[in-house]
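J.: If you scroll down you'll find the structure; I have some questions about it.
Protein chains in written order, with this note's numbering: chain V, 8 to 208; chain C, 17 to 299.
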C-alpha cells in the first residue's frame with residue numbers, strides 16, 4: 008500500500024510540476040499579449056470546463072494504458088486552472104511595480120518575469136496552486152482507476168474486484184488525508200506566510 | 017556655458033482619449049537642464065508635467081521632437097535616471113534592504129557589496145532601524161524615504177521625482193523637504209521634480225518651470241535665488257511664491273472652467289461680493 012501511495016504521489020508530483028510550469032508560462036503569455044489572450048485564452052477557458060478524465064480515451068490511444076496516460080490527464084487537469092490564475096495574477100500587478108523595475112534596469116525579459124512579475128503575482132498564484140493541486144488529485148485517481156500500474160486508484164479497483172469495501176474505504180480515506188495534509192501544511196502555510204509578508208493580512 | 021545634461025527639444029505628445037479624439041498633453045515643449053540643477057515642473061493637474069517626466073525617464077515616447085540625456089537620445093528607461101513615484105512603488109515581497117539593493121542586483125553587483133551600499137543609503141535617509149522590515153510595516157514617510165534610498169543606491173546621474181511627497185501629511189513633508197535638500201547638496205545630483213505645490217517647488221528648487229494646461233506648454237520660468245539651505249522664513253521665497261501664484265492664476269481659471277462650466281469664474285467672483293450689494297444700505 009505504501010508502494011502504491013508513493014507511486015501515486017510520484018505521478019502527481021510530475022504532473023503537477025509540468026502543469027505549474029506550462030500553466031504559469033501560458034498565463035504570462037496571455038497577460039502580456041492581447042492577441043494570444045483573445046484567441047488561445049478563450050480556448051483555455053473552454054478546456055478548463057472539460058473534466059480531464061474525458062481525455063483519458065485519447066491518452067489511451069496515444070500512450071496506451073501506461074503511466075504516461077495518467078500523468079497526461081493529471082497534467083491537463085491542473086494546467087488550465089493554473090494558466091487562468093497566473094493570467095489574472097499577472098494582469099493585476101500594479102503597473103507602477105513594472106515601471107519602477109524598468110527604471111532600475113530589469114528590462115522586459117526574464118529578469119522582470121522572475122524577479123518582479125512572479126513575486127508580485129504570488130498571492131494569486133498560490134490560489135491557483137491550491138486549486139490546481141485539488142484538480143490534479145481528482146484526475147490522478149480517476150486515471151489510475153482505469154490505467155494499469157501500481158497506484159492508489161489501482162488498489163481501489165482491486166478492492167472492487169475482490170468485493171473488499173473496507174479496502175476501498177481505506178484508500179478513500181488515504182486520499183482525503185493526503186490531500187488535506189498537503190494542502191494544510193504546504194499551501195495554506197505558504198499562503199498565510201505570504202499574505203502576512205505582503206501586508207495583506 | 018556647460019552642455020546641458022537633459023535636453024528636451026520641441027516635444028509633442030498626445031494621447032487618444034476614450035471617445036477616440038486626441039488629447040494634446042504636450043505641445044512644442046523645450047527645456048534644458050544643467051548638471052547638478054534642481055528643477056521643478058509646476059502646474060495644475062493635467063498640464064502634462066508628469067508626461068514630460070515620463071519622457072525623460074523613457075517610460076513614454078514623444079510623438080515629435082527629441083529628448084536627450086547626457087548627449088544620448090532617450091530610447092527607454094535606464095539606470096542613469098531613476099524615478100521616485102508618488103506612490104512609493106516599493107516591492108512588498110522584499111525587505112527595505114532588499115528593495116534598496118534591487119537595482120544594484122540588476123546591475124550585477126555582488127551580494128556583499130550591494131548590501132553595504134544599500135545599508136549606507138538607508139542610513140542616509142535615517143532608516144537604519146527599519147532595514148529588515150517589509151514595506152507595509154513602515155509609515156508613508158518612511159516608505160518614501162526608502163524609495164529615495166532605492167533610487168540613490170543606483171547612483172544615477174539624474175533623479176526624477178514625480179510628486180513624491182504629495183500623499184504625505186504636512187509635517188512629514190516638511191521634514192522630507194529638508195532631508196532631500198541635504199541629500200541633493202551632498203550628492204550634487206540633477207533633480208527633476210514634478211509637483212503641484214507652489215511652496216514645495218519654491219523651497220526646493222533652483223528653477224521653477226511653470227506649465228500651462230490644454231495644451232501643455234511651458235509658460236514661464238522662475239529662478240529662485242535664495243541661500244541654501246533654504247530658510248522657510250526667507251522673504252525672497254514668499255515673493256517668488258506670490259509671483260508664481262499670479263502666473264498660475266490664468267491656468268487655474270482654465271481648469272476651473274473646464275470642470276465646472278463657463279459660468280464659473282475665479283476672477284469675476286468679485287462682482288457678486290456681498291459688500292458691493294449693500295452699498296448705501298447704511299445711509
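All residues carry an ideal CB built from backbone N, CA and C; glycine is no exception.
(1) Would residue 106 of chain V pass as an interface residue toward chain C - the criterion being a Cβ-Cβ separation below 8 Å?
(2) Determine the burial state of residue 66 of chain C: buried for a count of at least 16 other Cβ atoms within 10 Å of its Cβ, exposed for fewer.
(3) Since residue 208 of chain C meets chain V, which of its residues come closer than 8 Å, beta carbon to beta carbon?
(4) For residue 158 of chain C, go through chain V and note every residue whose CB falls closer than 8 Å to its CB, in chain order.
(5) What runs of the beta strand (DSSP E), each 3 residues or longer, lie entirely inside the segment 102-144 of chain V?
(6) With DSSP run on the structure shown, which of helix, strand or coil describes residue 24 of chain C?
(7) Please name the residue or residues paired with residue 218 of chain C in a DSSP beta bridge.
(8) Three or more C-beta pairs under 8 Å: does that hold for the segment 72-81 of chain V against the segment 102-110 of chain V?
(9) In angstroms with no decimal places, state the Cα-to-Cα distance between residue 227 of chain C and residue 140 of chain V.
(10) Pop quiz: residue 84 of chain V and residue 154 of chain V are said to be a contact at Cβ under 8 Å. What is the actual Cβ separation, rounded to whole angstroms?
(11) Which bits of chain V does residue 95 of chain C rub up against, with CB to CB less than 8 Å?
(12) If I measure Cβ to Cβ from residue 38 of chain C and keep anything under 8 Å in the same chain, skipping five residues before and after, which residues do I get?
(13) Mind checking who residue 207 of chain C pairs with in its DSSP beta bridge?
(14) Do residue 167 of chain V and residue 81 of chain V count as a contact pair if the criterion is CB distance below 8 Å?
(15) Which of helix, strand or coil does DSSP assign to residue 170 of chain V?
(16) Can you confirm whether the segment 80-99 of chain C touches the segment 169-178 of chain C when touching is taken to mean that 3 or more C-beta pairs between the two stretches lie within less than 8 Å?
(17) Go to residue 38 of chain C, then tell me how far its alpha helix (DSSP H) extends in each direction, as first and last residue.
(18) Following the continuous alpha helix (DSSP H) through residue 157 of chain C, name the residue where it begins and the one where it ends.
(19) Using CA coordinates, which residue listed in C:145, C:95, C:51 is at the minimum distance from residue 201 of chain C?
(20) Can you tell me which of the three DSSP states residue 238 of chain C falls into?
(21) From what residue to what residue does the alpha helix (DSSP H) around residue 135 of chain C run?
(22) Beta-carbon separation of residue 135 of chain V and residue 89 of chain V under 8 Å?
(23) Are the segment 116-132 of chain C and the segment 93-108 of chain C touching, with three or more C-beta to C-beta distances below 8 Å?
(24) Under a Cβ-count criterion, where at least 16 other Cβ atoms within 10 Å of its own Cβ denotes burial, should residue 146 of chain C be classed as buried or exposed?
(25) If we count Cβ pairs, one from each stretch, closer than 8 Å, do we get three or more for the segment 131-148 of chain C versus the segment 160-171 of chain C?
(26) Beta strand (DSSP E) containing residue 97 of chain C: first to last residue?
(27) Give the single residue among C:73, C:108, C:239 whose Cα lies nearest to the Cα of residue 205 of chain V.
(28) Compute the Euclidean distance between the alpha carbons of residue 111 of chain C and residue 72 of chain V, then round it to the nearest angstrom.
(29) On the DSSP letters alone, give me the boundaries of the alpha helix (DSSP H) that residue 92 of chain C sits inside.
(30) Is residue 100 of chain V close to chain C, meaning its C-beta is less than 8 Å from at least one C-beta of that chain?
(31) Can you tell me where the alpha helix (DSSP H) with residue 84 of chain C in it begins and where it stops?
(32) Report the residues of the segment 112-131 of chain C with a CB closer than 7 Å to any CB of chain V, ordered along the chain.
(33) Counting only the same chain and skipping the five closest in sequence on each side, list residues whose C-beta sits under 7 Å from that of residue 79 of chain C.
(34) Please name the residue, chosen from C:251, C:76, C:81, that lies closest to residue 99 of chain C on a Cα-to-Cα basis.
(35) Closer than 9 Å, Cβ to Cβ, to anything on chain V: give me those residues from the segment 70-86 of chain C, in chain order.
(36) Look at the Cβ atom of residue 125 of chain V, then the Cβ atom of residue 198 of chain V, and state whether they are nearer than 8 Å.
T.: For this structure:
(1) Numbered from 1 along the first chain, position 99 holds the residue referred to as residue 106 of chain V. So, interface residue.
(2) The sequence position of residue 66 of chain C within the second chain is 50, counting from 1. Burial of residue 66 of chain C is indicated by the presence of at least 16 other C-beta atoms within 10 angstroms of its C-beta.
(3) On the second chain, position 192 is the one that residue 208 of chain C refers to. Simply none; closest approach about 13 Å.
(4) In the second chain, counting from the first residue as 1, residue 158 of chain C sits at position 142. Chain V residues near residue 158 of chain C: none, gap ~14 Å exceeds 8 Å.
(5) Residue ranges of uninterrupted beta strand (DSSP E) with 3 or more members are absent from the segment 102-144 of chain V; none lies entirely inside it.
(6) Reading the second chain from its first residue, position 8 is the one you call residue 24 of chain C. Strand at residue 24 of chain C.
(7) Here residue 218 of chain C refers to the residue found at position 202 of the second chain. Beta-bridge partners assigned by DSSP to residue 218 of chain C: none are found.
(8) Here the segment 72-81 of chain V does not lie against the segment 102-110 of chain V, with fewer than 3 beta-carbon pairs under 8 Å apart.
(9) Residue 227 of chain C sits at position 211 when you count from the first residue of the second chain. Residue 140 of chain V sits at position 133 when you count from the first residue of the first chain. Those two C-alpha atoms are separated by around 56 Å.
(10) The count along the first chain starts at 1 and reaches residue 84 of chain V at position 77. The count along the first chain starts at 1 and reaches residue 154 of chain V at position 147. Their Cβ separation, rounded to whole angstroms, is 14 Å, which puts residue 84 of chain V and residue 154 of chain V out of contact at 8 Å.
(11) Taking the first residue of the second chain as 1, we reach residue 95 of chain C at position 79. Within chain V, the C-beta atoms nearer than 8 Å to that of residue 95 of chain C come from 110, 111, 112, in chain order.
(12) Along the second chain, one-based indexing puts residue 38 of chain C at 22. Within its own chain, the residues whose Cβ lies closer than 8 Å to the Cβ of residue 38 of chain C, once the five positions on either side in sequence are excluded, are 30, 31, 32, listed in chain order.
(13) By 1-based counting over the second chain, the position of residue 207 of chain C is 191. DSSP lists C:54, C:175 as partners of residue 207 of chain C.
(14) Taking the first residue of the first chain as 1, we reach residue 81 of chain V at position 74. Taking the first residue of the first chain as 1, we reach residue 167 of chain V at position 160. No.
(15) Position 163 of the first chain, counted from the first residue, corresponds to residue 170 of chain V. In the three-state reduction of the DSSP assignment, residue 170 of chain V falls in the coil class.
(16) With three or more CB-CB distances shorter than 8 Å, the segment 169-178 of chain C counts as touching the segment 80-99 of chain C.
(17) Numbered from its first residue, the second chain carries residue 38 of chain C at position 22. Where residue 38 of chain C is concerned, there is no enclosing alpha helix (DSSP H), although the beta strand (DSSP E) around it starts and stops at 38-49.
(18) Translated into positions along the second chain, residue 157 of chain C becomes position 141. Note, residue 157 of chain C: alpha helix (DSSP H), 156-169.
(19) For the purposes of this step, residue 201 of chain C is identified with residue 185 of the second chain, where counting begins at 1. Closest by C-alpha distance to residue 201 of chain C, out of C:145, C:95, C:51, is C:51.
(20) Within the second chain, the letter at position 222 stands for residue 238 of chain C. Strand at residue 238 of chain C.
(21) To locate residue 135 of chain C, count along the second chain from 1; it is residue 119. It spans 127-140 - the alpha helix (DSSP H) in which residue 135 of chain C sits, taken as one unbroken run.
(22) The residue you call residue 135 of chain V lines up with position 128 of the first chain. The residue you call residue 89 of chain V lines up with position 82 of the first chain. With respect to residue 89 of chain V, residue 135 of chain V sits close: the two C-beta atoms are nearer than 8 Å.
(23) Contact holds: three or more Cβ-Cβ distances are below 8 Å.
(24) Translated into the one-based positions of the second chain, residue 146 of chain C becomes position 130. By the Cβ neighbour-count rule, residue 146 of chain C is buried, with 16 or more other Cβ atoms within 10 Å of its own.
(25) Verdict: yes, contact present.
(26) For the purposes of this step, residue 97 of chain C is taken as the residue at position 81 of the second chain. 97-100 is the span of the beta strand (DSSP E), which, as asked, contains residue 97 of chain C.
(27) Translated into the one-based positions of the first chain, residue 205 of chain V becomes position 198. The candidate whose alpha carbon is nearest that of residue 205 of chain V is C:108.
(28) The sequence position of residue 111 of chain C within the second chain is 95, counting from 1. The sequence position of residue 72 of chain V within the first chain is 65, counting from 1. Answer to the nearest angstrom: the Cα atoms are 50 Å apart.
(29) Here residue 92 of chain C corresponds to residue number 76 of the second chain, with the count starting at 1. Annotation for residue 92 of chain C: no alpha helix (DSSP H) segment contains it, and DSSP assigns it neither H nor E.
(30) Here the question's residue 100 of chain V lines up with position 93 in the first chain. Taking 8 Å as the CB threshold, residue 100 of chain V stays off the interface with chain C.
(31) Indexing the second chain from 1 puts residue 84 of chain C at position 68. Run containing residue 84 of chain C: none in the alpha helix (DSSP H); it sits in the beta strand (DSSP E), 80-85.
(32) So the close ones are 118, 119, 122, 123.
(33) Position 63 of the second chain, counted from the start, is the residue given in the question as residue 79 of chain C. Taken in chain order, the residues that qualify are 28, 29, 30.
(34) By 1-based counting over the second chain, the position of residue 99 of chain C is 83. Closest in alpha carbon position to residue 99 of chain C, among C:251, C:76, C:81, is C:76.
(35) Taking 9 Å as the Cβ-Cβ cut-off, the segment 70-86 of chain C approaches chain V at 70, 73, 74, 75, given in chain order.
(36) On the first chain, residue 125 of chain V is found 118 positions in, with the first residue counted as 1. On the first chain, residue 198 of chain V is found 191 positions in, with the first residue counted as 1. Contact: no.
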